[in-house]
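Okay, so here's the structure we're looking at.
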Amino acid sequence: MPLSFQVLGAPGRDNALFVKVDTGQSQTRLLFDCGDGVPHQLGAAEVREIDHLCFSHLHMDHVSGFDFFFRLNFDRTTKPNRIWVPHGSGGVIRHRFRGFTWNLVGDNQGGDWHVTEVAPRSLHTQRYWAKEGFRTAHPGPESERLTPAILRGDGFTLEAMLLDHGTPSVGYLVREHDRVNVDT
414 MPLSFQVLGA PGRDNALFVK VDTGQSQTRL LFDCGDGVPH QLGAAEVREI
464 DHLCFSHLHM DHVSGFDFFF RLNFDRTTKP NRIWVPHGSG GVIRHRFRGF
514 TWNLVGDNQG GDWHVTEVAP RSLHTQRYWA KEGFRTAHPG PESERLTPAI
564 LRGDGFTLEA MLLDHGTPSV GYLVREHDRV NVDT
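Numbering (the numbering used here), first residue to last: 414 to 597.
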């Protein structure tokens, strides 16, 4: 299974890392951080296919491209939008959602967002819906974090390690699952 990656941005400027896991049966797209202009490098169609947006921390150079990502996906119905942030950062994402006027949305508006805070001993998820103008943080499942793995996907595991960058931060590791060939 190929695991491919692309560094977005330029040295000394805002940047991000785009990772694609392709099992031959399915593809999962992960974007690590979202600096200014970096989602544009992927193109709108690819940005709309991102499965998980993983923020290491919320300094401006890691989050300033989020508005473009959000604009393309706020009403996505093909799959939920998943965001991973360091503990204590979920409120910042909620304020980003609420930073727009939502008077034209209604009950038939699509868009389901899951914001998961990676804490030392747990994962805490809040859900938001476009049809509500992102007003309410609905509690999602609380899960205990027994291992570094925070996500098990088709062909990969996403691990997280808490770091300190003057603010809570998360380091991520995408680990490919071993392929087993069976001859019959």
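Each residue gets a CB set at the ideal place from its N, CA and C atoms; glycine is no exception.
Contact check, residue i vs residue j, beta carbons under 8 Å
i    : j    : result
R558 : E572 : no
I496 : V528 : yes
R489 : R461 : yes
T436 : D567 : yes
H470 : T580 : yes
G519 : K544 : yes
E530 : P499 : yes
R509 : F482 : no
C467 : L485 : no
Bridge partner(s) assigned by DSSP for residue i
i    : result
N494 : W526
T570 : R565 and R588
T441 : V434
V598 : Beyond the ends of the chain as shown, which are 414 and 597, falls residue 598; an answer cannot be given.
G422 : N428
P581 : D577
L455 : Paired residues: none, contrary to the question.
C467 : F445 and W497
E555 : H537
L416 : V434
W542 : D525
Cα-Cα separation between residue i and residue j, rounded to whole angstroms
i    : j    : result
D474 : L430 : 13 Å
F547 : Q454 : 27 Å
D525 : F487 : 8 Å
K433 : H537 : 25 Å
S535 : F569 : 20 Å
G504 : W542 : 15 Å
D591 : T441 : 16 Å
A457 : T560 : 35 Å
P452 : S502 : 21 Å
E459 : F479 : 15 Å
L517 : Q539 : 23 Å
I522 : W515 : Per the sequence presented here, residue 522 reads as Gln, with Ile not at that position. Going by the C-alpha atoms only, they are around 11 Å apart.
S362 : P533 : Absent from the structure is residue 362, since the part of the chain shown begins at 414 and ends at 597.
M574 : N428 : 20 Å
V583 : E555 : 18 Å
Neighbour flag for residue i against chain D, beta carbons, 8 Å
i    : result
R484 : Going by chain labels, chain D is absent from the structure shown, which holds only one protein chain.
| Taking contact to mean at least 3 C-beta pairs separated by less than 8 Å, is the segment 445-455 in contact with the segment 544-558? | no
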